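Chemist: Mind having a look at this structure? Questions to follow.
Protein chains in written order, with UniProt numbering: chain W, 1 to 404; chain F, 1 to 404.
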């Protein structure tokens with residue numbers, strides 16, 4: 001008897017134009033378009049195996065080896081039901097296709113980065129879920145079509161269906177049929193976009209993005225202006241910057257939009273804060289690094305961006321990452337040596353870091369070890385990858401192979 | 001020979017609707033109207049003596065005993081010149097008046113609060129300067145007329161010409177002749193408005209408000225929306241709340257506007273941060289205190305507001321201040337005992353503070369001693385006070401009596 005299964009990995013994406021606010025909370029339709037860079041799965045990924053079997057009497061899902069309840073009507077149930085509907089269309093068109101849509105499905109997923117890192121895993125997770133079911137069901141759907149379904153799992157997940165530079169078009173249709181992801185440019189168009197993730201400690205759990213963004217929609221007078229008058233222009237500007245590989249403009253818009261997202265969070269009642277003093281200091285360091293570059297007749301060399309948490313993601317051309325790591329380590333001493341996936345440093349490593357010449361050291365104070373818990377160096381990456389049978393996360397009995 | 005001199009004290013004011021942005025930087029004309037509460041001079045004040053003497057060969061000014069250069073064309077020079085112009089009008093109308101406008105003037109000013117407290121002294125300082133010169137020159141000008149001149153020293157100084165609840169009307173005239181302060185209500189209308197100032201330590205000097213606000217005008221897309229569409233409505237709402245002694249509405253609008261001011265500062269390029277993790281935690285504490293009050297069927301009990309720095313000012317009816325001090329001290333242990341000007345606490349003092357029943361302690365972590373350096377309890381106060389000869393800050397030789 002055949003085993004019907006597929007294993008796919010999907011990437012994390014980090015937005016440059018931020019998604020914050022839904023116009024439809026059930027269908028997850030956003031109040032504005034957004035744009036992100038997909039990060040390299042060599043470093044950060046969710047991997048998911050989906051298996052359909054007539055012996056499975058229900059749909060079940062394990063995340064990092066721990067079973068999650070698929071709540072009826074919930075986001076996971078919606079995604080699975082939508083994928084089965086597409087499979088049914090395939091089966092109806094070709095009666096020789098096995099009736100996988102009628103089988104129970106077991107899904108096992110894991111992230112290669114710790115939850116404690118505070119990196120949003122819902123984007124890569126739902127992208128991997130939808131992609132693995134699409135592979136299992138041999139659907140003819142393209143990534144944009146699949147993004148419509150991933151979007152209903154987690155809004156930003158739709159952008160993880162593509163590699164490279166990806167826009168989520170807000171769309172106008174009430175049923176959400178035009179609220180989908182499109183590729184602005186593949187990674188190969190601009191492969192020199194690197195990213196340094198600064199994992200920041202936080203004392204307390206912030207407001208969840210799901211509840212936070214709706215409170216902003218309901219109470220921030222500034223959000224409407226952002227939606228109507230600021231984001232449309234920025235979307236055009238940054239897409240052009242990407243097509244022209246214009247890092248200066250890319251960086252400027254990325255930083256402005258990160259700040260504006262946190263500004264409308266602060267304009268919410270009661271206010272929402274995601275950045276802390278460590279986040280602020282990283283902004284001050286990047287700002288000074290850029291000021292110096294411009295003062296020396298150059299252009300912006302780095303761009304920070306912050307999602308709904310204190311972690312910084314710093315985008316920069318590869319050639320600047322060494323200086324940036326040295327700057328960050330100078331202010332935020334690390335307990336562990338820098339993992340150096342691109343071999344920027346020799347065997348001596350980063351050491352205690354150093355400031356670039358002319359850098360004003362007073363822009364931030366030196367923080368204690370652990371304030372920035374870790375640094376992850378990665379770069380723009382590709383879209384979901386179909387993996388071989390050897391990579392399966394389900395054992396022969398249909399239970400997860402990797403337990404928590 | 002007569003000694004021509006006058007000594008006046010003037011109060012600090014803390015805005016509820018924030019002034020942030022100039023449409024004319026020379027005349028100091030704001031981009032929006034603002035509104036403040038004048039604080040009690042019994043606790044916080046600037047005191048200024050001005051003396052005119054034919055033997056003074058130039059205008060000189062001492063601040064806390066230290067001479068400040070009166071830069072030609074600068075703000076102090078402008079205020080002094082404007083006051084001399086008004087004096088000249090008096091002299092021209094009545095030729096028996098001594099020609100004080102032709103004399104040099106010596107000005108000695110001091111604040112009764114340390115500069116290190118991080119409280120803006122420019123508002124009380126320029127209000128005291130202008131008021132003392134008005135008294136010296138026996139000008140017939142009313143406080144609104146004087147506010148036109150104090151405004152050219154420091155925008156928010158115009159609001160310190162009145163006690164109680166004060167609006168600074170932005171005006172429309174290009175020459176600034178209608179950009180002045182008016183009294184919305186005197187302190188006696190609503191004397192129960194108390195304030196707790198939490199003096200917060202900061203590691204670094206923030207952006208000056210003068211340069212910061214113009215960077216916001218130049219770069220924040222959200223500021224224009226705030227100016228045109230948000231502030232006018234809030235000015236109406238809070239004035240009505242003051243006239244009706246409606247603390248709930250007063251508190252809501254005050255907190256929203258503080259947050260929106262910091263939101264547009266964050267929307268500035270590069271972003272401006274004035275609040276730090278201590279400020280954020282005080283917001284979280286006040287938010288929880290209010291949440292609990294509302295959950296118990298009541299109304300808002302306290303309102304935080306932050307100017308261009310990390311210090312919190314918490315407005316509340318007197319009856320709530322004891323609970324608020326206890327809450328703040330619980331999270332921010334104090335090195336010094338609480339100075340208790342209204343005798344809220346017995347001889348035992350505040351001790352280690354305590355939480356009100358039902359308060360969720362997890363909204364903030366406990367900070368080390370010194371994070372909040374001090375607490376000042378005050379209340380709504382009166383306008384500039386003319387003081388007696390005994391209070392003079394100038395010695396017989398025209399030099400300051402109180403040296404730094």
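Just so you know, even glycine gets a beta-carbon here, dropped at the ideal spot from N, CA and C. Just so it is clear, the structure is predicted and the values come from calculations on it, not from any experiment.
1. What are the residues in the stretch 230-259 of chain F lying within 8 Å of chain W by C-beta distance?
2. Measure the alpha-carbon distance for residue 52 (chain F) versus residue 136 (chain F) and round it to whole angstroms.
3. For the stretch 290-311 of chain W, enumerate the residues whose C-beta is nearer than 9 Å to any C-beta of chain F, in chain order.
4. Give the secondary structure of residue 316 (chain W) by DSSP, where H, G and I count as helix, E and B as strand, and everything else as coil.
5. Residue 393 (chain F) and residue 108 (chain F) look like a contact to me (Cβ under 8 Å); what is the Cβ gap, rounded to whole Å?
6. In terms of residue numbering, what span does the alpha helix (DSSP H) encompassing residue 130 (chain F) cover?
7. Considering only residues of the same chain and omitting the five flanking positions on each side of residue 78 (chain W), which have a CB-CB separation below 6 Å?
8. So, helix, strand or coil for residue 422 (chain F), using DSSP?
9. Is any beta-carbon of chain F found at less than 7 Å from that of residue 215 (chain W)?
10. Counting pairs of Cβ atoms below 8 Å between the stretch 165-175 of chain W and the stretch 125-136 of chain W, do you hit three or more?
11. Report yes or no: do three or more beta-carbon pairs, one from the stretch 195-202 of chain F and one from the stretch 364-375 of chain F, lie closer than 8 Å?
12. In chain F, what lies closer than 9 Å to residue 196 (chain W) by C-beta?
13. Please confirm whether residue 35 (chain F) and residue 238 (chain F) have their CB atoms less than 7 Å apart.
14. Residue 32 (chain W) CB to nearest chain F CB: under 7 Å?
15. What are the uninterrupted segments assigned as alpha helix (DSSP H) that are 4 or more residues long and contained completely in the stretch 229-281 of chain F, given in chain order?
16. Count the other CB atoms within 10 Å of the CB of residue 69 (chain W); is the residue buried (16 or more) or exposed (fewer)?
17. Indicate whether at least one CB of chain W lies closer than 7 Å to the CB of residue 221 (chain F).
18. Mind reading off the beta-carbon distance from residue 7 (chain W) to residue 132 (chain W)? Whole number of angstroms is fine, and I expect it under 8 Å.
19. Candidates W:110, W:9, W:85: which alpha carbon is nearest residue 100 (chain W)'s?
20. Assuming the contact rule is C-beta atoms closer than 8 Å, residue 310 (chain W) and residue 281 (chain W) should be a hit. Round their C-beta distance to whole Å, please.
21. Do you know how far the Cα of residue 177 (chain W) is from the Cα of residue 260 (chain F)?
22. Less than 7 Å separating the beta-carbons of residue 426 (chain W) and residue 50 (chain W)?
23. Pick out the complete beta strand (DSSP E) segments inside the stretch 37-118 of chain F, 3 residues or longer, and give them in chain order.
24. What in chain W is Cβ-close to residue 287 (chain F), meaning under 7 Å?
25. Using the rule of at least 16 other Cβ atoms within 10 Å of the residue's Cβ for burial, across every protein chain shown, is residue 404 (chain W) buried or exposed?
26. Looking at residue 186 (chain F) and the ligand ATP, is the gap between the Cβ and the nearest heavy atom below 6 Å?
27. Any idea what DSSP makes of residue 169 (chain W), helix, strand or coil?
28. Would residue 222 (chain W) pass as a contact of residue 216 (chain W) if the rule is Cβ separation under 7 Å?
29. Would you kindly report the start and end of the unbroken alpha helix (DSSP H) that includes residue 9 (chain W)?
30. If you measure from the beta carbon of residue 359 (chain F) to each beta carbon in chain W, is any gap under 7 Å?
31. Can you list, in chain order, the residues of its chain with a C-beta nearer than 6 Å to that of residue 75 (chain W)? Leave out the 5 residues immediately preceding and following it.
32. With residue 395 (chain W) and residue 401 (chain W) assumed to form a contact (beta carbons below 8 Å), what rounded beta-carbon distance in angstroms separates them?
33. Cβ atoms of residue 18 (chain F) and residue 30 (chain F): under 7 Å apart, would you say?
34. Grouping DSSP H, G and I as helix and E and B as strand, with all else coil, what is residue 404 (chain W)?
35. Tell me whether the stretch 230-247 of chain F and the stretch 244-255 of chain W touch, counting them as touching only if at least three CB pairs, one residue from each stretch, are closer than 8 Å.
36. Strictly below 9 Å CB to CB, what residues from chain W border residue 340 (chain F)?
Modeler: Short version:
1. Against chain W - using a Cβ distance shorter than 8 Å - the residues of the stretch 230-259 of chain F are 230, 252, 255, 256, 259.
2. Rounded to whole angstroms, residue 52 (chain F) and residue 136 (chain F) show a C-alpha spacing of 8 Å.
3. Flagged, chain order: 290, 291.
4. Residue state, collapsed to three classes: strand.
5. About 4 Å; that satisfies the 8 Å criterion.
6. That run of the alpha helix (DSSP H) goes 122-136.
7. Take residue 78 (chain W), set aside five residues on each side of it, and the residues of its chain with a beta-carbon closer than 6 Å to its own are 152, in chain order.
8. What is shown of chain F runs 1 to 404, which leaves residue 422 (chain F) out entirely.
9. Taking CB atoms only, residue 215 (chain W) has no neighbour in chain F less than 7 Å away.
10. The stretch 165-175 of chain W, when compared against the stretch 125-136 of chain W, does not touch it at the 8 Å Cβ threshold.
11. At 8 Å Cβ cutoff, the stretches touch.
12. Those within 9 Å of residue 196 (chain W) in chain F number zero; the least Cβ separation is about 19 Å.
13. When the beta-carbon positions are compared, residue 35 (chain F) and residue 238 (chain F) come within less than 7 Å of each other.
14. Residue 32 (chain W) does not count as touching chain F.
15. For secondary structure counted as the alpha helix (DSSP H) over 4 or more consecutive residues, the stretch 229-281 of chain F holds these complete runs in sequence order: 231-243, 247-266.
16. Residue 69 (chain W) counts as exposed, since fewer than 16 other C-beta atoms from the protein chains shown sit within 10 angstroms of its C-beta.
17. For residue 221 (chain F), the nearest CB of chain W lies under 7 Å from its own CB, placing it at the interface with that chain.
18. Sure, about 6 Å apart at Cβ, within 8 Å.
19. The shortest C-alpha separation from residue 100 (chain W) is found at W:85.
20. Not confirmed; about 11 Å, so no contact.
21. Distance between the alpha carbons of residue 260 (chain F) and residue 177 (chain W): 35 Å.
22. There is no way to answer for residue 426 (chain W), as the model of chain W reaches only from 1 to 404.
23. If only uninterrupted beta strand (DSSP E) runs of at least 3 residues are considered, those enclosed by the stretch 37-118 of chain F are 45-53, 60-63, 66-68, 104-111.
24. For residue 287 (chain F), the residues of chain W that pass the 7 Å Cβ criterion are 270, in the order they occur in the chain.
25. The predicted model places residue 404 (chain W) with a pLDDT of 45, which falls under 50 and marks its position as unreliable, so this point remains unresolved.
26. With respect to the ligand ATP, the structure shown offers nothing to examine, as it has no ligands at all.
27. Residue 169 (chain W): coil per DSSP, three-state reduction.
28. Cβ atoms of residue 222 (chain W) and residue 216 (chain W): not closer than 7 Å.
29. Run containing residue 9 (chain W): none in the alpha helix (DSSP H); it sits in the beta strand (DSSP E), 4-11.
30. Cβ-Cβ to chain W under 7 Å: no for residue 359 (chain F).
31. 153, listed in sequence order.
32. Contact flag correct, Cβ pair sits at about 5 Å.
33. The answer is no: Cβ separation not under 7 Å.
34. Because the pLDDT of residue 404 (chain W) is 45, which lies under 50, any placement of that residue in the model is unreliable, and the question is left without a value.
35. Contact fails: fewer than three Cβ-Cβ distances are below 8 Å.
36. Residues of chain W whose Cβ lies closer than 9 Å to the Cβ of residue 340 (chain F) do not exist, since the nearest Cβ in that chain is about 29 Å away.
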